[in-house]
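Residue numbers (my numbering): 10 to 447.
Built from N, CA and C at the ideal position, the CB exists for glycine as well.
Below: one structure, written as structure tokens.
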Amino acid sequence: MGAVRQNVESVRQNDARVRTAVIERMSYQVIGGDVGGTNSRLALYTVPATKLALKEGRMPPGTILYSMWYRNSEFTTFTDVFKAFLQEVAEAGATAKDISTACVAVAGPVAHNEVKMTNRGRWIINGDRLAKEVGLKRVVLINDFVAQGYGLLTVDRTDTKEVHVLQDASPEPGAPIATIGAGTGLGECFLTPGEDGYYVAYPSEGGHAEFPPRTETEFQLLEFLKRRYEQKHRVSVERVVSGPGIANVYDFLAEHYPDQVDKSVDAAFRAAGEMGGKIVSENAKPGTLAGLALDIFAGAYGSEAGVAGLKWMPFGGLFITGGLTPKNIDRIAGKNSLFMEAFRDKGRVSPLLSKIPMYAVLVEDLGERGAHWMAIKTLLEHLNSGNVLRGVFKGAATGSASRAHDGISFWRSQTAVTMVGGVALASLSFLAAKFFRK
């Protein structure tokens, strides 16, 4: 009997070594993409099976194998863009059958994995149809600002190259996280922990809420904007808090204070067309109309951030994102900045806002990070959805509710590959066959 036990144990040990060797040599390939009105960026990542884990405050796992930018005007459909990328990927040595998952962030509302691009009217992208057309296993579409929300989960709050701390309050574990970001428009979204312990981002059209004037000048600005956009009662806050919004504010001031117009700046502004806001920002010196325009922008931005704080009470963190944030950090950062003063100016509930941790995000690739994060998360969900790999990628999801809501992963170890005793030999045979066919 002793010899039999010894033989059985030897078989088990050999089986475990084979399983471990197979898993360690496996890898997955995923695509992360970011599609705007003008350009599309797609990147192919390779991820070792032993690195399949997501942790808040860290970049998603994976090494870029290939990435490309494409000008959308050169393609009839986004499918054509994707096929062009896969063709270049194939020339680099990878094919669609090797790619497990793709996640693409798109500028527009996503419903049932489909979007009609808000700034490319003829582009309708359906993720399921796209997957079939290009030969991928799955393609997931997410709204571009939802991607920014997931991108927040990769930000290291202690790294001054990534964030500037605006309000140094302690984050509350498991509390909501929110973001508001000014760029071409004004985006907002919020995140709460899901049942699996990962944060889930939800879209918002908060940028289209009403612009709330707070000063006499801003009330006059509102009337100017109502005439410009032929609105009887209201205009959206992004008509002020955005790049085009800065241009709107300058236009109002130039009309309201014609004797203070700098002719050279004004000529450059008029010649810049849609980039007029950039000219204003570059010439925003104290005592000038351009400077005043930036002051009004910063105050309205901070006020809307305060509204977001009241609506979502993001004691897990409120992140100020968007391309205009790092470019105007001098008007945003600082306890007594115009932005922060407007943020706190909420009457009786102002003390509540002082408990929200706040960060100005300095990196400008949050959308790409978020698409990468969601590609990995989607792959993990697939691997843990009851297929033959479930026992291998099970993870220890047995922590307390507070642990499950810590915004990281529900895996307790830092690796998502936990070798579990009793994995079926049929699963091992499948893994080995899959590996040795490569």
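Query, Result
"Cβ-Cβ distance between Ala210 and Leu195 below 8 Å", "no"
"Rounded straight-line distance, which links the Cα of Asp304 to that of Pro180", "29 Å"
"Gly45 in three-state terms, based on DSSP", "coil"
"Inter-residue Cα distance where the pair is Lys355 and Ile365", "14 Å"
"Where His391 sits in the DSSP three-state scheme", "helix"
"Arg80 - partner residues in DSSP beta bridges", "Asn48"
"Burial state of Glu197, where buried means 16 or more other Cβ atoms lie within 10 Å", "buried"
"Nearest to Glu65 (by Cα), restricted to the options Asn393, Met126, Lys386 and His391", "Lys386"
"Cβ neighbours of Phe228 in the same chain (closer than 7 Å, five flanking residues each side left out)", "Pro222"
"Complete runs of the alpha helix (DSSP H) confined to the region 49-134 [at least 4 residues]", "87-100"
"Glu247, buried or exposed, once every other Cβ within 10 Å from all chains shown has been counted against 16", "buried"
"Leu200 in three-state terms, based on DSSP", "strand"
"Which of helix, strand or coil DSSP assigns to His381", "helix"
"Bridge-paired residues (DSSP) for Ile329", "Ile189 and Ala369"
"Asn152 to His381 span [Cα, whole Å]", "13 Å"
"Thr104 to Ala120 span [Cα, whole Å]", "29 Å"
"Alpha-carbon to alpha-carbon, Pro202 and Ser409", "Confidence in Ser409 is poor, its pLDDT being 31 and thus under 50, which makes the residue's placement unreliable; the coordinate value appears in the next sentence. Going by the C-alpha atoms only, they are around 14 Å apart."
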